[in-house]
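In what follows, a single structure is set out as structure tokens and then discussed.
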Amino acid sequence: MSVSQYPLQRPDAHTRNFWDGCAEGELRYQRCAQCGHVQCIPRSLCEQCQGTDLQWSVSRRAGTVLTCTTVHRAPLPAFKEMVPYVIAIVDMDEGFRVMANALSVVQQDAIAIGNRVRIGFKNVHGMALPVIESVEGNP
Ligand SMILES: [Zn+2]
Numbered sequence: 001m002s003v004s005q006y007p008l009q010r011p012d013a014h015t016r017n018f019w020d021g022c023a024e025g026e027l028r029y030q031r032c033a034q035c036g037h038v039q040c041i042p043r044s045l046c047e048q049c050q051g052t053d054l055q056w057s058v059s060r061r062a063g064t065v066l067t068c069t070t071v072h073r074a075p076l077p078a079f080k081e082m083v084p085y086v087i088a089i090v091d092m093d094e095g096f097r098v099m100a101n102a103l104s105v106v107q108q109d110a111i112a113i114g115n116r117v118r119i120g121f122k123n124v125h126g127m128a129l130p131v132i133e134s135v136e137g138n139p
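Per our numbering, the sequence shown starts with residue 1, numbered consecutively.
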């Protein structure tokens, strides 16, 4: 999955709980109560068994960088003053994926595929965004 295909850009009915969690400092993910499947992208049905009993859990916020890219053109006017910045897709230990911005220059140099990172949150123009809070290097 490349960063440009990542659909979690704006809140909708299925991702609302995810973004509400960010605003409260929680990284939330969806797990199927029927088969235990963990979904990368929140949906109304389990993508494995089509079950509707999906429960939200709170992540421990540790994961591994799956891919990362430098953004030179802001996707929204609110991000204009931040460019260029690095965006990473992080494979979380619980089995879901999250897109996180790396806002500090020090972190941007340190982020590479396979690095262990911790996710935090930063308020950007009223939106709490998942960000790389710390980089722990290769395991
Ligand atoms: Zn299921």
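Idealized CB from N, CA, C, for every residue including glycine.
Where residue i falls, given that 16 or more other Cβ within 10 Å makes a residue buried
| i | result |
| --- | --- |
| Leu129 | buried |
| Pro75 | exposed |
| Gln55 | exposed |
| Pro42 | buried |
| Asn115 | buried |
Close-in-space but distant-in-sequence residues of the same chain around residue i (CB under 6 Å, 5 per side omitted)
| i | result |
| --- | --- |
| Cys49 | Gln34 and Cys35 |
| Leu66 | Ile89 and Asp91 |
DSSP state of residue i mapped onto helix, strand, coil
| i | result |
| --- | --- |
| Gln5 | Confidence in Gln5 is poor, its pLDDT being 44 and thus under 50, which makes the residue's placement too unreliable to answer from. |
| Asn123 | strand |
Proximal residues to residue i (C-beta, below 7 Å), its chain only, five neighbours per side dropped
| i | result |
| --- | --- |
| Pro11 | Trp19 |
| His14 | Pro42, Arg43 and Ser44 |
Cut-off 8 Å between Cβ atoms - residues of its own chain near residue i, not counting five sequence neighbours on either side
| i | result |
| --- | --- |
| Glu47 | His37 and Gln39 |
| Ala78 | Val124, His125 and Met127 |
*Can you list the beta strand (DSSP E) stretches of 3 or more residues lying completely in the stretch 56 to 106, in chain order?*
62 to 71, 85 to 92 and 97 to 102
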